[in-house]
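Colleague: Just so you know, the sequences run in chain order C and V. All letters in the first sequence, in the order written, are residues 1 to 200 by the numbering used here. All letters in the second sequence, in the order written, are residues 1 to 200 by the numbering used here.
Protein chains: 2
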Amino acid sequence: MAGEEARQARKGPGRPREERVTRAVLDAVVELVAESGMSALTMDAVAGRAGVSKPAMYRRWATKQDLVIAAAESRIGALVVPDMGDFRAELRVVLTARMEAYRLPGVGRLMAGVIGAASEAGAERGAYRDYTARVMGETRTVLERGIARGDVRADVDVPAAATLVAASLVFRMVGEHGTPDEALVESVVDLVGRAVAARP
Amino acid sequence: MAGEEARQARKGPGRPREERVTRAVLDAVVELVAESGMSALTMDAVAGRAGVSKPAMYRRWATKQDLVIAAAESRIGALVVPDMGDFRAELRVVLTARMEAYRLPGVGRLMAGVIGAASEAGAERGAYRDYTARVMGETRTVLERGIARGDVRADVDVPAAATLVAASLVFRMVGEHGTPDEALVESVVDLVGRAVAARP
């Protein structure tokens with residue numbers, strides 16, 4: 001609690017309310033998508049569910065696309081993985097965190113909806129690409145740390161390997177409509193671990 | 001031409017017209033999605049573009065979802081790869097065929113739209129899952145042939161490896177909004193080749 005008070009003091013008195021509003025709105029988005037899908041999602045429905053005025057929502061998220069990306073990022077966002085001295089161990093941390101998030105109610109539907117919405121006419125493709133880059137960032141860091149450490153080959157195509165890691169659980173979910181589980185995580189750790197290993 | 005005539009005779013005289021109608025409708029879907037995105041796609045617009053009556057369309061595709069899956073399958077469908085005596089060579093054939101198809105106009109948008117639509121309330125998830133299984137089928141065959149031949153490890157998790165293969169180019173396209181190219185194909189062949197190799 002002392003930490004929480006210190007954080008509030010640092011950010012000023014208006015901040016905790018801001019955070020409560022943000023959380024209420026993003027939770028409402030995930031709940032509504034879980035219940036009825038992306039096409040039924042409207043700014044009105046979100047405002048009603050969250051108990052927030054529409055102007056307060058529009059101040060934070062100018063478009064429905066901004067809002068659904070923010071909701072996705074509240075569940076699947078940037079990660080930080082400590083140096084564990086072992087590439088496979090760090091990769092397992094990344095994939096386990098994603099797997100747990102993908103299994104939350106509504107998240108599969110939300111991710112599929114974000115992918116669909118980002119390809120629509122008028123979508124802000126840059127905002128979506130930036131989000132994906134944030135999601136994939138720590139995997140690149142883990143690969144590059146492995147190269148520096150010596151347990152990942154120096155000649156690995158890091159962007160391609162990061163794509164394989166990010167793609168695997170997402171595709172199992174939104175492409176195959178399966179549930180990413182511990183067994184898939186272990187198989188991907190093993191497959192990608194062999195794929196990039198410095199020594200076989 | 002002799003082969004074409006024999007095929008027409010085998011299928012009966014009504015068949016070529018059926019095929020022309022099917023092709024016109026599925027081409028119209030891909031064109032319209034390329035131009036305006038999935039949310040603008042209506043049965044009316046497709047019928048108008050293809051010059052086909054709506055009853056004729058509904059006889060073949062009961063719903064818009066059936067129609068977009070059929071359009072996706074006309075570009076990204078089942079493959080047959082001959083035994084080339086080498087897993088990597090066969091994997092390269094699979095990925096190159098997919099890469100070329102993904103680069104056709106409108107296909108990226110169509111695939112993203114199919115993913116989004118399949119997660120909507122009321123979507124026929126079974127039809128979509130069956131489509132994905134057909135797309136991934138040949139990759140499983142190639143992996144199993146490699147195991148039988150001996151250049152793929154017998155203990156590979158075949159479904160997980162097939163997910164990695166299918167996921168990589170799709171995610172580069174609909175997740176990262178990048179263009180799958182020969183360099184990515186070669187990197188995925190190399191990464192997956194190492195991941196499943198019987199002997200390093």
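Ideal Cβ placement from N, Cα and C applies to all residues, glycine included. All figures in this text were calculated on a predicted structure; none of them were measured in a lab.
Along chain V, in chain order, which residues have C-beta atoms closer than 8 angstroms to that of C/Y128?
Modeller: What C/Y128 touches in chain V: H177.
Colleague: Report back the beta-carbon spacing between V/V185 and V/L95 to the nearest angstrom; my notes put them in contact at under 8 angstroms.
Modeller: Confirmed, Cβ separation roughly 5 angstroms.
Colleague: Might you give, ordered along the chain, the residues of its own chain that have their beta carbon closer than 8 angstroms to the beta carbon of C/R140, omitting 5 neighbours on each side?
Modeller: Excluding residues within five positions, the ones whose Cβ falls inside 8 angstroms are V158, P159, A162.
Colleague: I'd like to check one pair, C/A127 with C/D66: are the Cβ atoms closer than 8 angstroms?
Modeller: Yes, the Cβ-Cβ distance between C/D66 and C/A127 is below 8 angstroms.
Colleague: Could you name the residues of the same chain whose beta carbon sits closer than 7 angstroms to that of C/A89, not counting the 5 residues immediately before and after it, in chain order?
Modeller: Here the set comprises nothing.
Colleague: Tell me whether C/G122 is buried or exposed, calling it buried when 16 or more other Cβ atoms sit within 10 Å of its Cβ.
Modeller: Exposed, since its Cβ has fewer than 16 Cβ neighbours within 10 Å.
Colleague: Are the Cβ atoms of V/D151 and V/D83 separated by less than 8 angstroms?
Modeller: No; because the gap between Cβ atoms is not below 8 angstroms, this pair is not in contact.
Colleague: DSSP three-state call for V/V52: helix, strand or coil?
Modeller: It is coil, neither helix nor strand.
Colleague: Are the C-beta atoms of C/E100 and some chain V residue less than 8 angstroms apart?
Modeller: Output row for C/E100: interface = no.
Colleague: For C/V152, which beta-bridge partners are listed by DSSP?
Modeller: Answer is C/A197, bridged to C/V152.
Colleague: Taking just the CA atoms, how far does V/R75 sit from C/L26?
Modeller: Those two C-alpha atoms are separated by around 37 angstroms.
Colleague: Could you check what DSSP says for C/Y124 in three-state terms: helix, strand or coil?
Modeller: In the sequence as displayed, the identity of residue 124 of chain C is Glu instead of Tyr. If DSSP states are grouped into helix, strand and coil, C/E124 belongs with coil.
Colleague: So, at 6 angstroms on beta carbons, what are the nonlocal neighbours of V/A166 in its own chain, with the 5 sequence-adjacent residues on each side left out?
Modeller: Within the same chain, V/A166 has close Cβ partners M136.
Colleague: For V/E100 and C/A45, what's the separation of their Cα atoms in angstroms?
Modeller: Approximately 41 angstroms between the Cα atoms of the pair.
Colleague: Given a cut-off of 8 angstroms, decide if V/V21 and V/A62 are closer than it, judged by their beta-carbon atoms.
Modeller: No, the Cβ-Cβ distance between V/A62 and V/V21 is not below 8 angstroms.
Colleague: Please return the same chain residues whose Cβ sits closer than 8 angstroms to the Cβ of C/V80, not counting the five positions on each side in sequence.
Modeller: Closer than 8 angstroms at the Cβ level, and outside the excluded window around C/V80, lie E138.
Colleague: Indicate whether at least one CB of chain C lies closer than 8 angstroms to the CB of V/L184.
Modeller: Yes, because at least one Cβ of chain C sits closer than 8 angstroms to the Cβ of V/L184.
Colleague: Would you mind reading off the limits of the alpha helix (DSSP H) that contains V/P16?
Modeller: Residues 15-36.
Colleague: Please decide whether V/A6 counts as near chain C, where near means a Cβ-Cβ distance under 8 angstroms.
Modeller: Any reading at V/A6 needs caution, since the residue's pLDDT is 45, under 50, leaving its predicted position unreliable; the model's value is listed next. So no, V/A6 is outside the interface.
Colleague: Kindly give me the distance between the Cβ atoms of V/L91 and C/L164, rounded to whole angstroms, as I take these residues to be in contact under 8 angstroms.
Modeller: Actually they do not touch by this definition, with Cβ atoms about 13 angstroms apart.
Colleague: Can you round the beta-carbon distance between C/A78 and C/V29 to whole angstroms, since I take them to be within the 8 angstroms contact cut?
Modeller: Contact flag wrong, Cβ pair sits at about 19 angstroms.
Colleague: Please tell me whether V/S168 and C/G108 are closer than 8 angstroms, where the distance is taken between their beta carbons.
Modeller: Cβ atoms of V/S168 and C/G108: not closer than 8 angstroms.
Colleague: So what does DSSP say about C/R103, is it helix, strand or coil?
Modeller: In this structure, C/R103 counts as coil in the three-state DSSP scheme.
Colleague: What first and last residue would you give for the alpha helix (DSSP H) that runs through C/M173?
Modeller: Unbroken alpha helix (DSSP H) run through C/M173: 158-174.
Colleague: What's the gap between the Cα of V/L104 and the Cα of V/A197?
Modeller: Those two C-alpha atoms are separated by around 32 angstroms.
Colleague: By Cβ distance, which residues of its chain are closer than 6 angstroms to V/G146, with the 5 residues on each side in sequence left out?
Modeller: F87, V152, listed in sequence order.
Colleague: In this structure, does DSSP put V/S39 in helix, strand or coil?
Modeller: Three-state DSSP puts V/S39 in a helix.
Colleague: Counting only the same chain and skipping the five closest in sequence on each side, list residues whose C-beta sits under 7 angstroms from that of V/V52.
Modeller: So the list reads V21, A24, V25, once near-sequence residues are dropped.
Colleague: Tell me, please, whether the CB atom of C/A89 is closer than 8 angstroms to any CB atom in chain V?
Modeller: No, because no Cβ of chain V sits closer than 8 angstroms to the Cβ of C/A89.
Colleague: 8 angstroms is my cut-off, CB to CB: does V/D66 come that close to chain C?
Modeller: No, its Cβ sits nowhere closer than 8 angstroms to a Cβ of chain C.
Colleague: Using 8 angstroms as the threshold, is the C-beta distance between V/G37 and V/V68 below it?
Modeller: Not a contact, by the Cβ cut-off of 8 angstroms.
Colleague: Counting only the same chain and skipping the five closest in sequence on each side, list residues whose C-beta sits under 7 angstroms from that of V/E31.
Modeller: Within the same chain, V/E31 has close Cβ partners R49, G106.
Colleague: To the nearest angstrom, report how far apart C/H245 and V/R60 are at their CA atoms.
Modeller: Beyond the ends of chain C as shown, which are 1 and 200, falls residue 245 of chain C; an answer cannot be given.
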